[in-house]
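For the sequence shown, the UniProt record's numbering begins at 1 and goes up steadily by one.
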Amino acid sequence: MSKTHGKFIWCELMTPDTSSAAKFYSSVVGWTTSEMKVEGMPTYTVFEANGIGVAGLMEFPAELEAQGIPPNWTGYVGVDDVDQTARDFAANGGAVRRPPQDIPTIGRFAVVADPDGAVICIMTPAPMEQTWPELAPDAPGNIGWHELYAGNGKDALAFYTKLFGWTKDSEMDMGPMGVYYLFAHDGRQTGGMMTKPDSMPMPFWCYYFIVPALDAAIERVTSGGGKVVNGPMEVPGGSWIIQATDPQGAFFCLVAPKR
């Protein structure tokens, strides 16, 4: 595995109302938007922080809506060989939800699910003539944390360690809620996973967007038609978080260094 294999490289929202979603997240997170055109594909909206793309926005596919799948955020993990990693997901108890496919000039991607059904995208980016700048990991507007509510946290960590090369950074005993496993990529702590509570209908990944201060962001969420479903709460290390839904029903999270 290369050092880029297993790195979260993108986050994407699929929603039935892209115009409203763009306004909502621009207000809540502070993103600006730009449009990207790829031959043969619908116009794609890019969320930017300080002029650097950090996430994307696209129209919710009709076939997913017909399957009862709600609007959602999905993360992309970079892999060395998307076709081989898709096969590895299937061979280790997961599933390939959308076979590998090329996006002209962007890369080759697939939609996969782990053995418990949590969905994530994998991508082998196309070779680039130049290296694009990245936000600092703790910069406002960046995706600051990646979290999995798993069918079984310990088994999920073993699965992703095998396929993405992640390592266990540490673990926290949360009492009745079970053990929270923090994982790292290339030595850098990047997310956590735990066995999901019974109240959650199915395993899923969720993503935390960094804002400067939480209380002001909460006001923007509620005034924009979103709903806070959990928090605010302080987490180990002193950061503050909320979990919320946007006006179209997509689940998202915010993290800030202060209230």
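Backbone N, C-alpha and C define an ideal beta-carbon position, used for all residues, glycine too. Bear in mind that the values here come from a model prediction, so they are computed numbers and not experimental data.
Quick one, which of the options has its alpha-carbon nearest residue i's?
i, options, result
"Met14", "Arg259, Lys258, Phe252", "Phe252"
"Pro125", "Phe109, Ala66, Leu135, Asp169", "Phe109"
"Met123", "Leu64, Asp169, Thr43, Thr74", "Thr74"
"Arg97", "Ile106, Asp88, Gln84, Ala113", "Ala113"
"Glu48", "Ser34, Ala244, Ile106", "Ser34"
"Val111", "Pro99, Lys23, Ile103", "Pro99"
"Lys196", "Val29, Phe24, Asp155", "Asp155"
"Gln243", "Lys258, Gly237, Val221, Pro236", "Val221"
"Gln189", "Phe204, Gly237, Pro203, Glu219", "Gly237"
"Ala95", "Val82, Val119, Gly78", "Val119"
"Glu12", "Cys121, Pro42, Gln67", "Cys121"
"Met177", "Pro16, Lys258, Asp198", "Asp198"
"Ile218", "Val235, Phe204, Ile9, Lys258", "Lys258"
"Leu163", "Asp17, Ala21, Thr85", "Thr85"
"Ile69", "Phe204, Thr161, Gly165", "Phe204"
"Val186", "Ser20, Gln67, Phe24, Gly78", "At residue 186 the sequence reads Asp, which differs from the Val that was named. Checked all of Ser20, Gln67, Phe24, Gly78; the closest Cα to Asp186 is Gly78."
"Asn72", "Met36, Pro16, Ile9", "Pro16"
"Phe8", "Thr131, Ala22, Pro137, Val28", "Pro137"
"Pro206", "Pro42, Asn152, Glu147", "Checking the displayed sequence, the identity of residue 206 turns out to be Cys instead of Pro. The candidate whose alpha carbon is nearest that of Cys206 is Glu147."
"Met174", "Gly40, Thr18, Trp166, Val235", "Val235"
"Met36", "Val229, Trp166, Ser170, Ala55", "Ala55"
"Ser19", "His5, Trp10, Val46, Gly6", "Val46"
Residues in its own chain within less than 8 Å of residue i by CB, not counting five upstream and five downstream?
i, result
"Ser2", "Asp80"
"Asn50", "Leu135, Ala139, Gly141"
"Leu64", "Met14"
"Ala216", "none"
"Thr161", "Thr167, Lys168, Phe183"
Tell me residue i's beta-bridge partners as DSSP assigns them.
i, result
"Leu135", "For Leu135, which the question treats as bridged, DSSP gives no partner whatsoever."
"Gly78", "Lys7, Met123"
"Ala66", "Beta-bridge pairing links Ala66 to no other residue."
"Asp102", "Arg108"
"Val96", "Val112"
"Met58", "Met14"
"Asn72", "Met14"
"Gly44", "In the sequence as presented, Gly is not what sits at residue 44; that position holds Tyr. Met36."
"Pro51", "Correcting the residue type first, residue 51 is Gly in the shown sequence and not Pro. Answer is none; Gly51 lacks a bridge partner."
Is there a C-beta anywhere in chain C that falls below 8 Å from the one on residue i?
i, result
"Pro257", "Of the protein chains in this structure there is only one, and it is not chain C."
Considering only residues of the same chain and omitting the five flanking positions on each side of residue i, which have a CB-CB separation below 6 Å?
i, result
"Ala256", "Val211, Ala213, Leu214, Trp240"
"Ile52", "Pro133, Leu135"
"Pro200", "The identity of residue 200 in the sequence shown is Met, whereas the question assumes Pro. Closer than 6 Å at Cβ, skipping near neighbours: Tyr149."
"Tyr208", "Gly144, Trp145, Cys253, Val255"
"Ser107", "Before going further, note that residue 107 is Gly rather than Ser in the sequence given. Here the set comprises Met123, Thr124, Pro125, Ala126."
"Met172", "Tyr180"
"Gly151", "Asp116, Pro203"
Which residues in the same chain have their Cβ closer than 7 Å to the Cβ of residue i, if we skip the five residues on either side of it in sequence?
i, result
"Leu157", "Lys168, Tyr181, Phe183, Met193"
"Thr32", "Ser26, Glu48"
"Val38", "Tyr44, Ile103, Pro104, Thr105, Ile106"
"Phe159", "Asn92, Asp114, Pro115"
"Lys227", "Ala244, Thr245"
"Val82", "Pro100, Arg108, Phe109, Ala110, Ile122, Met123, Thr124"
"Met202", "Gly117"
For the ligand NAD, I want to know if residue i counts as a neighbour, meaning its beta carbon is within less than 7 Å of at least one of the ligand's heavy atoms.
i, result
"Arg97", "With respect to the ligand NAD, the structure shown offers nothing to examine, as it has no ligands at all."
Contact the stretch 235 to 253 vs the stretch 60 to 76: 3+ CB pairs below 8 Å: Yes, the stretch 235 to 253 is in contact with the stretch 60 to 76.
Any alpha helix (DSSP H) of 4 or more consecutive residues that is wholly inside the UniProt domain "VOC" (142 to 257): 153 to 164, 214 to 223, all fully within the UniProt domain "VOC" (142 to 257).
Touch test, the stretch 115 to 122 against the stretch 83 to 100, Cβ-Cβ under 8 Å, three pairs minimum: The stretch 115 to 122, when compared against the stretch 83 to 100, does touch it at the 8 Å Cβ threshold.
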